[in-house]
Amino acid sequence: MRMTMTIRRYAQERLRPRQTLPAVALVTAAAETAAGWRGAAPAAADAAIAAALIVTFRIWDDLADRAIDAVAHPNRLSTRPESIRPLAGWAATMGIATAAILWWRQGAIALGLLAALTAVLACWYRLRAGRSAAGDHLRLLKYPVFAVLVAGVRPTVSVRGALSIVTAYLAVSVYEWWHDPRSPIGPRTRVAEATLLASATLSLALVFFWGERVR
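Every position in the sequence shown, counted from 1, becomes a number in the numbering used here once 102 is added.
Here it is as structure tokens:
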């Protein structure tokens with residue numbers, strides 16, 4: 103009962119639609135653009151996997167940031183000692199289930215990529231000295247990796263697939279510093295990322311349009 107209440111309160115606090123749906127939409131759109139449209143049912147399944155990955159890693163992020171949030175956001179549920187076990191159990195259950203689905207859909211390469219992402223982020227959380235621009239960019243790397251996991255590695259090797267993944271990464275980077283007044287990303291980097299995002303989006307549109315014309 104306590105675990106259920108903890109999960110429900112956490113979802114109300116940290117997984118509200120306006121916080122989660124944009125990320126799910128971005129990852130799903132990048133995956134669908136890379137792999138090509140396969141129908142509504144596969145797209146819905148892709149969105150569900152994207153949501154599971156995003157929720158799992160968001161819980162992990164919050165648990166790793168407990169010491170920081172205890173000062174900056176002392177009212178967050180994840181900062182309370184009694185919430186650690188329920189949230190960690192939820193994240194572990196979702197993570198294992200999602201990994202099994204990815205293995206069934208994509209094979210061992212998906213598990214390897216997911217394990218590599220997990221290891222990199224775990225090392226960063228352990229070794230970081232504080233928030234930095236490089237750290238923010240590393241943390242946001244999970245979103246394009248999610249798109250690769252959802253789409254499959256093979257489709258993302260194409261020009262359209264690679265552009266889809268790069269565009270997703272630039273989009274989430276711009277979204278992050280645009281909505282976070284405490285972002286350590288400097289003005290020059292912001293201009294560069296916004297310019298690259300516009301260029302990548304235009305290139306992706308041209309590649310997509312040209313591909314449709316060729317067909």
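Beta carbons: idealized from backbone N, C-alpha and C, even for Gly. Note that the structure is a prediction, hence the values are computed from the model and not measured.
Leaving aside the five residues before and after V261 along the sequence, list all residues of the same chain whose C-beta is less than 7 Å from its C-beta, in chain order.
Only residues of its own chain outside the window of five on either side were considered, and among them V309 have a CB closer than 7 Å to the CB of V261, listed in chain order.
Measuring alpha carbon to alpha carbon, tell me which residue in T135, I156, A127, G141 is nearest G116.
It should be noted that the sequence gives Arg, not Gly, for residue 116. Here the closest residue by C-alpha is I156.
Considering just the uninterrupted stretch of the alpha helix (DSSP H) at S275, what are its terminal residues?
For S275, the uninterrupted alpha helix (DSSP H) run begins and ends at 261-281, by DSSP.
List, from N- to C-terminal side, the alpha helix (DSSP H) runs of 4 residues or more that fit wholly inside the stretch 153-237.
Counting only runs of 4 or more, we get 168-174, 186-208, 210-229.
In the structure shown, what three-state DSSP assignment does I287 receive?
It is coil, neither helix nor strand.
Are L304 and Y271 touching if we call contact CB-CB under 8 Å?
It is not a contact, given that the beta carbons lie outside the stated cut-off.
Determine the contact status of L306 and S266, defining contact as a CB-CB distance below 8 Å.
Yes, these two residues count as a Cβ contact at 8 Å.
Contact the stretch 158-178 vs the stretch 126-133: 3+ CB pairs below 8 Å:
Flag = no, the stretch 158-178 and the stretch 126-133 do not touch.
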